[in-house]
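Asker:
Residue numbers (the working numbering): 418 to 639.
1) Taking only the alpha-carbon atoms, compute the straight-line gap between residue 497 and residue 464 and give it to the nearest angstrom.
2) Whole angstroms is fine: what's the gap from residue 557's alpha carbon to residue 420's?
3) Counting only runs that start and end within the stretch 429 to 489, where is the beta strand (DSSP E) found for 3 or more residues in a row?
4) Which residues in the same chain as residue 479 place their Cβ atom closer than 6 Å to its Cβ, once the five residues preceding and following it in sequence are excluded?
5) Around the Cβ of residue 490, are there at least 16 other Cβ atoms within 10 angstroms (buried) or fewer (exposed)?
6) Under 8 Å between the Cβ atoms of residue 427 and residue 470?
7) Is it the case that the Cβ atoms of residue 529 and residue 565 are separated by a distance below 8 Å?
8) Check residue 581 in the structure and name its three-state DSSP category.
9) Does the separation of the CB atoms of residue 552 and residue 574 fall below 8 Å?
10) So, at 6 Å on beta carbons, what are the nonlocal neighbours of residue 605 in its own chain, with the 5 sequence-adjacent residues on each side left out?
11) Pick from 568, 486 and 615: whose alpha carbon is nearest that of residue 509?
12) Which of the three DSSP states, helix, strand or coil, is assigned to residue 590?
13) Below 7 Å, is the gap between the Cβ of residue 449 and the nearest heavy atom of the ligand MN?
14) Can you look up residue 493 in the DSSP assignment and give me helix, strand or coil?
15) Taking C-beta to C-beta, are residue 630 and residue 618 nearer than 8 Å?
16) The beta strand (DSSP E) spanning residue 506 covers which residue range?
17) So, at 6 Å on beta carbons, what are the nonlocal neighbours of residue 399 in its own chain, with the 5 sequence-adjacent residues on each side left out?
18) Tell me the residue span of the beta strand (DSSP E) that contains residue 611.
19) If you draw a straight line from the C-alpha of residue 544 to the C-alpha of residue 538, how long is it?
20) Go ahead and pull the three-state DSSP assignment for residue 420.
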């Protein structure tokens with residue numbers, strides 16, 4: 418699975434920048450693309466180009482792409498963001514789940530709505546998933562991962578924090594936002610469930626990274 422979050426197409430990060438980042442996943446040939454929210458920032462005028470670059474990559478992925486929305490998507494007309502992603506062939510989940518039928522068996526993606534500007538409902542999200550199913554939770558903010566773990570998810574993928582974006586030696590990160598401070602980067606555990614938080618592709622204010630490089634992620638389920 419390819420996992421990409423926080424592309425933040427806007428005045429600083431261009432769609433071309435995002436395209437170059439996505440190209441790093443090509444050699445691995447991921448079978449599904451999961452998108453963790455915050456695809457643009459600062460203005461709805463960036464919706465089309467943000468969705469286009471993601472849709473172009475998603476069209477080359479065997480099982481397609483599944484996305485959730487983040488707080489920056491909602492603050493820049495979340496309904497339009499979702500509609501444009503869907504128009505580009507990307508399934509957007511808002512308190513919904515979807516089954517992906519793979520050669521190795523069924524995989525369920527549970528997409529929980531944004532915890533800050535959305536209306537997250539984990540119960541509704543997991544209601545349609547069969548008992549003992551293999552479930553990957555997709556939630557923009559990582560810090561409520563226990564909710565997904567308690568409902569049987571085997572893994573949660575999140576973004577939002579940018580990995581802290583600015584990491585000062587001996588001090589640590591100083592820019593992780595609310596909702597992305599407990600599990601602000603990398604692999605952690607919540608009630609025994611792995612939760613992986615991407616450092617993301619883009620940046621937001623302040624427009625700088627320090628000791629916190631951007632990333633796209635390849636996840637292999639065993």
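Note that CB positions come from ideal geometry on N, CA and C, so glycine has one too.
Answerer: On the basis of the supplied data:
1) The residue labelled residue 497 in the question sits at position 80 within the chain shown. The residue labelled residue 464 in the question sits at position 47 within the chain shown. Each residue's Cα considered, the two are about 8 Å apart.
2) Along the chain shown, read from residue 1 onward, the residue named residue 557 stands at position 140. Along the chain shown, read from residue 1 onward, the residue named residue 420 stands at position 3. Between residue 557 and residue 420, the C-alpha separation is close to 12 Å.
3) 450 to 452 and 482 to 484
4) Counted from its first residue, the chain shown places residue 479 at position 62. 448, listed in sequence order.
5) By 1-based counting over the chain shown, the position of residue 490 is 73. Residue 490 should be labelled buried.
6) In the chain shown, counting from the first residue as 1, residue 427 sits at position 10. In the chain shown, counting from the first residue as 1, residue 470 sits at position 53. No; because the gap between Cβ atoms is not below 8 Å, this pair is not in contact.
7) The residue you call residue 529 lines up with position 112 of the chain shown. The residue you call residue 565 lines up with position 148 of the chain shown. Closer than 8 Å, so yes.
8) For the purposes of this step, residue 581 is taken as residue 164 along the chain shown, with counting starting at 1. Three-state DSSP puts residue 581 in a helix.
9) Translated into the one-based positions of the chain shown, residue 552 becomes position 135. Translated into the one-based positions of the chain shown, residue 574 becomes position 157. No, the pair does not count as a contact, with Cβ atoms beyond the cut-off.
10) Numbered from 1 along the chain shown, position 188 holds the residue referred to as residue 605. These residues qualify, in order along the chain: 612.
11) Taking the first residue of the chain shown as position 1, residue 509 is located at position 92. Among 568, 486 and 615, the Cα nearest to that of residue 509 belongs to 486.
12) For the purposes of this step, residue 590 is taken as residue 173 along the chain shown, with counting starting at 1. Looking at residue 590 - three-state DSSP - the assignment turns out to be strand.
13) Questions concerning the ligand MN fall outside what the structure shown contains, since it holds no ligand whatsoever.
14) Residue 493 sits at position 76 when you count from the first residue of the chain shown. Of the three classes helix, strand and coil, the one that applies to residue 493 here is coil, per DSSP.
15) The residue labelled residue 630 in the question sits at position 213 within the chain shown. The residue labelled residue 618 in the question sits at position 201 within the chain shown. Not in contact: residue 630 and residue 618 (Cβ atoms no closer than 8 Å).
16) Here the question's residue 506 lines up with position 89 in the chain shown. Per DSSP, residue 506 belongs to no beta strand (DSSP E) and is neither H nor E.
17) Here the chain comprises residues numbered 418 to 639, so residue 399 is not present and cannot be evaluated.
18) Taking the first residue of the chain shown as 1, we reach residue 611 at position 194. From DSSP, the beta strand (DSSP E) with residue 611 extends over 610 to 614.
19) Position 127 of the chain shown, counted from the first residue, corresponds to residue 544. Position 121 of the chain shown, counted from the first residue, corresponds to residue 538. Residue 544 and residue 538: Cα-Cα distance of roughly 10 Å.
20) For the purposes of this step, residue 420 is identified with residue 3 of the chain shown, where counting begins at 1. Strand.
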